[in-house]
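Here's the structure we're looking at; comments come further down.
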Amino acid sequence: MQKQSSFKGKQLSGTLYLVPTPIGNLQDMTYRAVETLRTVELIASEDTRNTQKLLNHFEITTSQKSLHEHNFKERVPELVTLLEQGKNIAQVSDAGMPSISDPGHELVVACIKANIPVVSLPGPTAGLTALIASGLSPQPNYFYGFLPRKKNEQAKELTTLKNEEATLIFYESPHRLKQTVKTISEVFGNRQAVVCRELTKVHEEYLRGTLAELTDYLSENPIKGECCLMVAGFDGLEATPITPSELTLKQQVQALVTEGIKPNAAIKTVAQNNQIKKQVVYKAYHEIEAPAE
Numbered sequence: 001m002q003k004q005s006s007f008k009g010k011q012l013s014g015t016l017y018l019v020p021t022p023i024g025n026l027q028d029m030t031y032r033a034v035e036t037l038r039t040v041e042l043i044a045s046e047d048t049r050n051t052q053k054l055l056n057h058f059e060i061t062t063s064q065k066s067l068h069e070h071n072f073k074e075r076v077p078e079l080v081t082l083l084e085q086g087k088n089i090a091q092v093s094d095a096g097m098p099s100i101s102d103p104g105h106e107l108v109v110a111c112i113k114a115n116i117p118v119v120s121l122p123g124p125t126a127g128l129t130a131l132i133a134s135g136l137s138p139q140p141n142y143f144y145g146f147l148p149r150k151k152n153e154q155a156k157e158l159t160t161l162k163n164e165e166a167t168l169i170f171y172e173s174p175h176r177l178k179q180t181v182k183t184i185s186e187v188f189g190n191r192q193a194v195v196c197r198e199l200t201k202v203h204e205e206y207l208r209g210t211l212a213e214l215t216d217y218l219s220e221n222p223i224k225g226e227c228c229l230m231v232a233g234f235d236g237l238e239a240t241p242i243t244p245s246e247l248t249l250k251q252q253v254q255a256l257v258t259e260g261i262k263p264n265a266a267i268k269t270v271a272q273n274n275q276i277k278k279q280v281v282y283k284a285y286h287e288i289e290a291p292a293e
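When we follow the working numbering, the leftmost residue of the sequence shown carries the number 1, and every step to the right adds one.
The structure is reproduced here in structure tokens:
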């Protein structure tokens, strides 16, 4: 049992402030966040170069130390020592809330263990910001973050989430988004889903539809920018997974090519699966129109 009084009572140590930073639009930086970064003795940053741009914009001169996934084992003890000496430290990630899909949680745990106050400031977080405009049910919601990269590991993890009734929130890189949506559709069936990209930026965009519709769209329209993917929760009815026959011939070939199969072999496989001539699939994949009669 531990009790923390964040702003009352005397304390010998400093305080660790968890300060959110904008996820795109710099106007989302709060007055309190700016003032905190100005008044602490040190800022622990995921990437000091990225954070320096933010500090320059708001004319903040506080010094920084890096804290990321490659140096946290050495850096956390250093920062805890400074806090125990009475110095106040702010922790920031490159964008959004610290520790959410970003490094920093280890410092929080170390501070709690050392009875150093940890104070979290409210601010931007991509998952909930996108969720409330998605049109999907905001309550309950289940934030997952990034799924495993390998398809078999991803499918295994998704199987554990298949019957989750809450709206699911994932982060994904744009070059992996198409395959991730396809894998989710294969495991979950054809649910409603929303992709939000470039949140708070000038190119902010929402793609709303079924998983099948999103798979089809992303196959023809690669997208760029930071992505948040939200998928409707399980409604109690067993959905029918999307089968290859629900995709166009070209999409079926593209899916196999993405998995590392050579185009000619993929065309042959799709032809066999659909019980049609290989030439038909070849023309569909290469978008060769039949000659006019």
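We treat Cβ as the ideally placed atom computed from N, Cα and C, and that holds for glycine.
The closest CA to that of Pro103, considering only Ala255, Lys73, Glu69 and Gly225, is found on Glu69.
Taking every protein chain shown into account, the CB of Val181 has 16 or more other CB atoms within 10 angstroms, so this residue is buried. Nearest to Ser13 by C-alpha distance, out of Asn115, Glu205, Glu74 and Val92, is Asn115.
In the three-state scheme derived from DSSP, where H, G and I count as helix and E and B as strand, Val118 is classed as strand.
Three or more Cβ pairs closer than 8 Å define a contact, and the segment 45-65 falls short of that threshold against the segment 152-165. Beyond the five residues adjoining it in sequence on each side, Ile23 comes within less than 7 Å, by CB distance, of Ala95, Gly96, Pro124, Ala126, Leu199 and Thr200 in the same chain, given in chain order. Between Ser219 and Gln192, the C-beta gap is not smaller than 8 Å, which leaves the two residues out of contact.
Pairing Leu18 with Pro77 gives a Cβ-Cβ distance that is not under 8 Å. Distance between Ala130 and Lys278, taken at the CA atoms: about 43 Å. In this structure, the CA atom of Pro174 is about 26 Å from the CA atom of Ile267. Assignment of Ile89 by DSSP, reduced to helix, strand and coil, places it in the strand class. Assignment of Leu199 by DSSP, reduced to helix, strand and coil, places it in the coil class. Contact between Cys227 and Arg197 holds, since their C-beta atoms are separated by about 5 Å, short of 8 Å. Residue pairing from DSSP leaves Asn152 without any beta-bridge partner. Collapsing the DSSP output to three states places Gly127 in a helix.
For Leu168, the enclosing beta strand (DSSP E) begins and ends at Thr167 to Glu172. Per DSSP, the continuous beta strand (DSSP E) segment holding Glu205 begins and ends at Glu205 to Thr210. Gly233 sits close to Leu168, with the two beta carbons spaced by under 8 Å. Counting only runs of 4 or more residues that sit fully inside the segment 255-282, the alpha helix (DSSP H) segments are 263-274, in chain order. Assigned with DSSP and collapsed to three states, Asn190 falls in coil, not helix or strand.
For Leu83 and Cys111, the gap between their C-alpha atoms comes out near 8 Å. The straight-line gap separating the alpha-carbon atoms of Arg38 and Leu177 is approximately 38 Å. Of all alpha-carbon atoms in Lys151, Leu161, Val280 and Ala166, the one lying nearest the alpha-carbon of Ser137 is that of Ala166. About 6 Å separates the CB atoms of Pro117 and Gln4; that is less than 8 Å, so the two are in contact.
The residues Thr200, in chain order, have a CB closer than 6 Å to that of Asn25 in the same chain once the five nearest residues on each side in sequence are set aside. DSSP places Val80 inside the alpha helix (DSSP H), whose first and last residues are Phe72 to Glu84. Assignment of Thr159 by DSSP, reduced to helix, strand and coil, places it in the helix class.
Taking C-beta atoms as the reference points, Tyr31 and Ala133 fail to come closer than 8 Å. Counted as a single uninterrupted DSSP element, the beta strand (DSSP E) harbouring Gln64 occupies residues Gln64 to Ser66. The C-alpha of Pro222 is placed about 11 Å away from the C-alpha of Leu214.
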